[in-house]
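One structure is given here, and the rest of the page talks about it.
There are 2 protein chains.
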Amino acid sequence: MTPSPEQPARPAAAEPRRRSSARSTPTIYDVARAAGVASSTVSRAFSRPDRVNAETAARIRAVAADLGYRTNPLARALPTGQTSMIALATADITNPYYFELIRGAQAAAAERGYTTLLADAQESVAIEREGLERVIPTVEGIVLASTRMSDSAIRMLAKQRPVIAVNRDISDVPNVVTDHAMSMRQAVDHLADLGHRQITYLSGPEAAWANGMRWRSLRLYAGERGIHVRRIGPYAPTAGGGARAAADFPAVRSSAVIAYNDLVAIGFMRRLISFGARIPGDVSVVGFDNIFTSALTSPELTTVAPPLRTLGSMAVHNLLALIGGASPTTVRPLALPTRIYVRASTAAPATRRRSWRDAPAPREPATTRGNRLPSSG
Amino acid sequence: MTPSPEQPARPAAAEPRRRSSARSTPTIYDVARAAGVASSTVSRAFSRPDRVNAETAARIRAVAADLGYRTNPLARALPTGQTSMIALATADITNPYYFELIRGAQAAAAERGYTTLLADAQESVAIEREGLERVIPTVEGIVLASTRMSDSAIRMLAKQRPVIAVNRDISDVPNVVTDHAMSMRQAVDHLADLGHRQITYLSGPEAAWANGMRWRSLRLYAGERGIHVRRIGPYAPTAGGGARAAADFPAVRSSAVIAYNDLVAIGFMRRLISFGARIPGDVSVVGFDNIFTSALTSPELTTVAPPLRTLGSMAVHNLLALIGGASPTTVRPLALPTRIYVRASTAAPATRRRSWRDAPAPREPATTRGNRLPSSG
DNA sequence: TTGAAAGCGCTAACAG
DNA sequence: CTGTTAGCGCTTTCAA
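Those protein sequence lines, which keep their order, are chains A and B. Here the first sequence stands for residues 1 to 377, numbered as in full-length UniProt numbering. Here the second sequence stands for residues 1 to 377, numbered as in full-length UniProt numbering.
Below is the structure:
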């Protein structure tokens, strides 16, 4: 049992027998050998440079550089669980509303060394589930940018990985949201300042959280300013929905309209114009979202812009905080401020109130003011 | 040295000492123990079911299921190098042009069990490089959906990972492209059939490959149909560029205009209308790309739609073939067919040719025909 | 068909 | 500050 003295000690096996530095990408072992240090030192030189002698670190980096060594994130992820990846789930990547949000999230993630996995649901709950399912083991956290999932499904998800919801309020799930109250106040103030006394709200989907918020805020602020409000709808949150709203629109009643979103506003304007109405001559129109297209319509649409980019970056920022160990309660929900872009679809109401339905008149060329594009927001 | 008979054999060390099945997610070892098999058998049951007895496999899957076991893609990636991830690099995720392409790529990847990493360059070459750099070690291949990189940089990249370029022709790098010739032929045929005899081309960036293709094809097909062509520009590929083109536009010369892309066409129309021109009364306008907005302008824009979705899915399809070992030469470049959407911005030329600059007239309400949205393409 | 054992490339105690 | 030594969870020869 006891080895005889002259018996050679077990071969030191200093560094375990690794595959020779064949071709393929160099590893820390290759660098270690070339630099004459232990592999763990190389590892430290890259992952915690402060734990290594400055000179040694420099030498290692030099050797690594000319060997073309690059840390392998996968190999690093295995022992640490830190994949440096987060997922961004959207219900529909095709929806113009989300571009800036995605970009804001992307940029914030990249800045912190995180890579973004895109999980597009393509409008299907099943695809969303499946996509998330596949992605979960790989990511450290998830931003739910828009989702069709139920509250309970989201809570479930939040048990497996840190989750931040965007523009959705679910108890126990931290989120970042737009300041819907402020956005409506901006719309109302603008119209009121112009002299409008009645406003019609083109309602969006009843299930949409934002829709309820908008209507409630509208009543509140309009009331404060002595403005009469009414609501028609609900309509689909699309240009088609807006067109239907135009057909329903009681022209004599309101000199101003606030639509659930830009798409509805645009569809509404187009249809109304085809009926012979003048905008903003007969009716002023305000939308929400400031989608790219809203600066390209005739007339250009006055709209309230959500802080999309900020929404995206804040979501990621908070998510990374969560991942870093912050408690969900610490990550306070934050309502981000909006901004109104005044363009050509709003003006003072006509002094003589008569319906455009009585006497359709030719339109005037679109005027241009404040035609800022979304990207400058 | 030779162990005495009664000496116990080295402890079997059957399965190496792993951390007890503490909390956290179950591993193949947990499943193996619960199912009474070796960990390697569990591994096989999931990665190559055909190499395992059907019953055993079934039992293992059952045990795994109720343990809640799920294969860990990261752990699998380490020994095999198969991460099941591909990267999709875009120069600007905010560009409406790419939505459907991204979605097509995403869907194709998901279908084959691949996850898509989004690398948005945010218009910066530096960010693009850096993003790609970070992502390379993690992905099995890359789709370059739009990129600012130089040809040589791309060839470099292609040495590290399989690469498919979209709408870009680089020797030695397989690609998928739109059939630019066909798309221009569709535009010319449409205008010719309407009776136009002269066409003005609003040129895009000179560096853009598509721009050269379009102009060349235009000359070719217009020639075949006896149509006179001229070109003005170059202009930025934006609505602003189109507006500048409108200022330059020699109204008397052409009854029809083909723009480099939809954005240019839209900017052109708006500015021309503000000058008092009627579209399509005075000038017919055709764009390229069929971006979302083109169905929402007044008048709605006639445009030639690239097969974006197909472009995306084909790119991924070919990329996976490459990853699967297909030789680059096998993956033949393919020019995908386009489709023209005839809307309200084109009509037969006015019988009496006079310049709208002489006598601006009030516009008519937009007509509606073929106002299909991009998503239905 | 199944089991044992050696890694994939990197991190992380624990000594020294 | 640096080297040694176990693994992270899975795949994969090689034997049995």
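Every residue, glycine too, gets a C-beta built ideally from N, C-alpha and C. The structure displayed is predicted, hence computed values, not measured ones.
Annotation: Cβ neighbours of residue 72(B) in chain A (cutoff 8 Å, chain order): 137. Looking at the backbone, the Cα of residue 222(B) and that of residue 189(B) are separated by about 8 Å. Against chain B, the beta carbon of residue 298(A) has neighbours under 8 Å at 270, 273, 297, 298, listed in chain order. By alpha-carbon distance to residue 119(B), the top candidate from 137(B), 89(B), 95(B) is 89(B). The secondary-structure analysis by DSSP pairs residue 231(B) across a beta bridge with 201(B). Annotation for residue 211(B): the continuous alpha helix (DSSP H) segment containing it runs 209-224. Per DSSP, the continuous alpha helix (DSSP H) segment holding residue 41(A) begins and ends at 39-47.
Contact check for residue 281(A) against residue 266(A) fails: the beta carbons are separated by 8 Å or more. In the structure shown, the three-state DSSP call for residue 284(A) is strand. With contacts defined by Cβ atoms closer than 8 Å, residue 34(B) and residue 315(B) do not form a contacting pair.
At a Cβ-Cβ threshold of 8 Å, residue 180(A) and residue 208(A) do not count as neighbours. For residue 117(B), the enclosing beta strand (DSSP E) begins and ends at 115-120. For residue 288(A), there are no neighbours in chain B by C-beta distance under 7 Å, as the nearest C-beta there is about 16 Å away. In the DSSP annotation of this structure, residue 310(A) is not part of any beta strand (DSSP E); the continuous alpha helix (DSSP H) holding it starts and ends at 308-323.
The alpha carbon of residue 47(B) has as its nearest neighbour, out of 213(B), 247(B), 25(B), 80(B), the alpha carbon of 80(B). If you draw a straight line from the Cα of residue 204(A) to the Cα of residue 219(A), it comes to about 16 Å. Going by beta carbons, residue 168(A) and residue 132(A) fall outside the 8 Å limit. Taking 3 residues as the shortest admissible run, the segment 79-145 of chain B contains the following complete beta strand (DSSP E) segments, listed from N- to C-terminal end: 85-90, 115-120, 141-144.
Interface with chain A (8 Å Cβ-Cβ cutoff): residue 249(B) is excluded. Against chain A, the CB of residue 100(B) has a partner CB under 8 Å away; the residue lies at that interface. Residue 323(B) has a beta carbon lying at 8 Å or more from every beta carbon in chain A. The beta-carbon of residue 46(B) is placed no less than 8 Å from the nearest beta-carbon of chain A. For secondary structure counted as the beta strand (DSSP E) over 3 or more consecutive residues, the segment 242-270 of chain B holds these complete runs in sequence order: 256-259.
Bounds of the beta strand (DSSP E) holding residue 339(A) are 339-341. In the displayed model, residue 187(B) falls within a helix according to three-state DSSP. It is roughly 23 Å from the alpha-carbon of residue 139(B) to the alpha-carbon of residue 122(A). Per DSSP, residue 154(B) is one residue of the alpha helix (DSSP H) stretching across 151-160. For residue 280(B), not one C-beta of chain A is nearer than 8 Å to its own C-beta.
One alpha carbon belongs to residue 279(B), the other to residue 346(B), and they sit about 7 Å apart. In its chain, beyond the 5 residues on either side, 101, 104, 105 have a beta carbon closer than 6 Å to the beta carbon of residue 312(B). Chain-order list of chain A residues neighbouring residue 78(B): 74, 75, 78, by C-beta distance under 7 Å. Pairing residue 302(A) with residue 286(A) gives a Cβ-Cβ distance under 8 Å. Residues of chain B whose Cβ lies closer than 9 Å to the Cβ of residue 107(A) are, in chain order, 120, 122, 127. Close to residue 112(B), with beta-carbon spacing below 9 Å, lies no residue of chain A; the smallest spacing is near 12 Å. DSSP places residue 163(B) inside the beta strand (DSSP E), whose first and last residues are 163-166.
Within chain A, 110 have C-beta atoms less than 7 Å from the C-beta of residue 131(B), given in sequence order.
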